[in-house]
Amino acid sequence: DTGVSQDPRHKITKRGQNVTFRCDPISEHNRLYWYRQTLGQGPEFLTYFQNEAQLEKSRLLSDRFSAERPKGSFSTLEIQRTEQGDSAMYLCASSLGGRPYEQYFGPGTRLTVT
Amino acid sequence: DQQVKQNSPSLSVQEGRISILNCDYTNSMFDYFLWYKKYPAEGPTFLISISSIKDKNEDGRFTVFLNKSAKHLSLHIVPSQPGDSAVYFCAATVSGNTGKLIFGQGTTLQVKP
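Protein chains in written order, with my numbering: chain A, -5 to 108; chain B, 2 to 114.
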C-alpha cells in the first residue's frame, strides 16, 4: 500500500501530557499538510510543508503545537501540555507540487484527552 | 467565520435516483473548488474538482456545477448507488496559494437500496 499512513491511529492521554503523531506521505509527494477535524465539522487547516520547509501555519496552531518534516519525507506533529479541547481527529495529507489541491489523506490519528 | 458552508447535514436518496449535494461560499477570492468523500475510519478521498473559469465538470456519474454569481456549487451523482453512502465535503482554495483547503461541515449521504 503506497498511500498516506499515520501512526498511531488512536491516542488516549491525560491532560497535561505531551503527545507526538507521525505521518508518512506518498513517497513522491513534496507537499504535506496537517488538518484537524472535530465532530460535525470539516477538516481545518493547521500547517503546510513544501519539502522540509514549513511555509504556513494556521492561527489555530498555538505555541503548544509544533510540526516538523526534517528530511522532507515523514512529518511529526507534537502537542505539548495537552488540553481537553485538543481532542480531535488529526489528519495528514500529501500532494504533488503540480496538483497541490488534490490532496491524499491518511486515515487520521484520533486523540482523546481525559 | 465559516467561509464554506454545507447547510444540509444529511441527505437520503433511493438507489438509482439523483443525489444533489449543495455548498455555498463567501470568500470571492476562492477560485478552485473540490469535493471529497469520506467513509468511516478512513481519511477523505478526492472526488472531483472545478476551476472558477468553468461552470461544469463531469467525471462518470459525478458532475460538479459552479455558479460564481451566487457563490454556490453542487455535486450531482447519477445514478446513486448504495456504495456512495458516505460523508461528502466541499472544499475551496485560492489557486497559486499554498494549497490550503477550506472545508465545509460535510453532508452525510445515505443511498437506500
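The C-beta atom is built at its ideal place from N, Cα and C for all residues, glycine as well.
Within the same chain, show all residues whose beta-carbon is closer than 7 Å to that of residue i, passing over the 5 residues directly before and after it, in chain order.
i, result
"A/ASP1", "ARG16"
"A/LYS8", "THR108"
"B/ASP60", "ILE49"
"A/SER81", "LEU105, THR106 and VAL107"
"A/GLN78", "ARG9 and VAL107"
Hey, does residue i have any beta-carbon neighbour from chain B nearer than 7 Å?
i, result
"A/PRO2", "no"
"A/PHE99", "yes"
"A/GLU22", "no"
"A/GLU50", "yes"
"A/GLN74", "no"
Mind checking which residues open and close the beta strand (DSSP E) that includes residue i?
i, result
"B/LYS57", "57 to 60"
"B/SER50", "46 to 52"
"B/ALA93", "87 to 94"
"B/PHE66", "63 to 68"
So the candidates are the options; which of them puts its Cα closest to the Cα of residue i?
i, options, result
"B/PRO45", "A/THR108, A/GLY91, A/TYR84 and A/ARG93", "A/TYR84"
"B/ASN68", "B/GLU43, B/PHE90, B/CYS24 and B/GLY17", "B/CYS24"
"B/VAL95", "B/GLU16, B/ALA71, B/VAL79 and B/ASN28", "B/ASN28"
"A/TYR95", "B/LEU110, B/SER52, B/LYS39 and B/ASP56", "B/SER52"
"B/ILE78", "B/PHE63, B/SER70, B/PHE90 and B/SER86", "B/PHE63"
"B/ALA71", "B/ILE19, B/ASP56, B/GLY107 and B/GLU43", "B/ASP56"
"A/SER56", "A/ALA87, A/THR41, A/LEU49 and A/LYS5", "A/THR41"
"B/ALA42", "B/LEU110, B/ALA87, B/GLY100 and B/LYS101", "B/ALA87"
"A/ILE73", "A/SER60, A/GLY66 and A/LYS65", "A/SER60"
"B/THR108", "B/SER75, B/GLN82 and B/TYR89", "B/TYR89"
"A/THR14", "A/PHE68, A/SER89 and A/ARG93", "A/PHE68"
Excluding the 5 residues preceding and the 5 following residue i in the sequence, name in chain order all residues of the same chain whose CB lies nearer than 6 Å to its CB.
i, result
"B/ALA93", "VAL5, TYR26, PHE31, PHE34 and ILE103"
Are the C-beta atoms of residue i and some chain A residue less than 7 Å apart?
i, result
"B/PHE47", "yes"
"B/GLU16", "no"
"B/GLN106", "yes"
Kindly provide the ranges of any beta strand (DSSP E) runs that are 3 or more residues long and lie completely inside the segment 60 to 108 of chain A, ordered along the chain. Segments of the beta strand (DSSP E) lying fully in the segment 60 to 108 of chain A: 69 to 73, 82 to 89 and 103 to 107.
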